[in-house]
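Throughout the sequence shown, residue numbering follows full-length UniProt numbering, covering 1 to 251 in sequence. Using N, Cα and C, we set each Cβ at its ideal position, and we do this for glycine too.
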Amino acid sequence: MTGWQSLFYKEVLRFWKVGFQTVAAPVITAILYLMIFGHVLEGRVQVYDTVSYTAFLLPGLVMMSVLQNAFANSSSSLIQSKIMGNLVFLLLTPLSHRAWFVAYVGSSIVRGMAVGMGVMVVTWWFAQPSLVAPLWILAFGFMGAALLGTLGLIAGLWAEKFDQMAAFQNFIIVPMTFLSGVFYSIHSLPDFWQRVSHLNPFFYMIDGFRYGFFGVSDVSPWISLALVGGALTVVSAFALHLLKIGYKIRH
């Protein structure tokens with residue numbers, strides 16, 4: 001294997017060795033969300049004319065799981081390596097900053113997609129949403145995992161201790177995920193909060209992903225694709241720059 005492939009394999013093996021914690025636990029959490037919200041709001045909330053609330057909720061939970069776990073993978077790996085002191089062994093290798101980026105973000109995509117697939121398979125018997133446009137599902141799932149894996153890489157480079165990482169996740173990632181339309185359509189919100197929701201990039205990932213199931217969305221999937229793709233490009237360029245200059249990893 002080449003250098004980046006070895007690092008990629010190491011990162012995938014790292015989370016797979018504790019798969020019950022990194023894959024099974026998020027699937028169980030998503031099931032609990034589906035059972036609670038589906039039981040309470042089924043029959044009381046109608047989002048699309050021909051779609052039940054439980055079916056509407058399922059794609060949102062899948063994408064939320066993908067995003068949160070992709071972020072957790074790269075961020076936790078970097079902060080653990082920095083605190084435990086084994087990051088120095090990577091610095092001794094001739095790996096380029098691009099190899100680091102591909103390995104960390106690539107493994108985050110694998111974990112995010114694995115968790116998302118697990119959530120979809122386990123919760124499918126609760127409701128069977130149609131697959132109107134599978135390519136849209138794959139596109140937004142892949143790009144969402146890549147974007148959050150890259151944000152996790154940036155957060156891992158910036159953080160120097162676990163509480164800084166926890167603050168980044170609890171005050172930025174989790175609120176933006178929950179306020180992105182996972183549990184509701186933004187058309188049910190007042191006008192002011194609808195406009196605020198359009199400023200949340202996570203909304204476009206959730207909305208575009210849900211379009212692949214139902215062929216209906218709050219925003220055109222092409223607009224969502226362009227915005228998510230633009231955000232991924234900008235964030236990736238920033239992460240590559242931080243890796244190139246060795247931000248907080250060479251001292």
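- Look at the segment 110 to 187 and you find these whole runs of alpha helix (DSSP H), each 4 residues long or longer: 134 to 158, 162 to 168 and 174 to 178.
- Here the segment 87 to 107 does not lie against the segment 195 to 210, with fewer than 3 beta-carbon pairs under 8 Å apart.
- Remark: C-beta atoms of N200 and M165 do not approach each other more closely than 7 Å.
- Excluding sequence positions up to five before and after M117, its CB lies less than 7 Å from no other CB in the same chain.
- According to DSSP, V51 shares a beta bridge with Y48.
- V51 is positioned such that its CB atom lies closer than 7 Å to that of F214.
- Note that the segment 226 to 233 does not touch the segment 154 to 162; fewer than 3 beta-carbon pairs, one per stretch, sit closer than 8 Å.
- Contact between V132 and A30 is absent: CB atoms are separated by about 22 Å, not below the 8 Å threshold.
- DSSP places S220 outside any alpha helix (DSSP H), giving it a letter other than H or E.
- With a beta-carbon spacing of about 15 Å, V122 and N69 fall beyond the 8 Å limit used to define contacts.
- Straight-line measurement puts the Cα of L61 at about 8 Å from the Cα of Y33.
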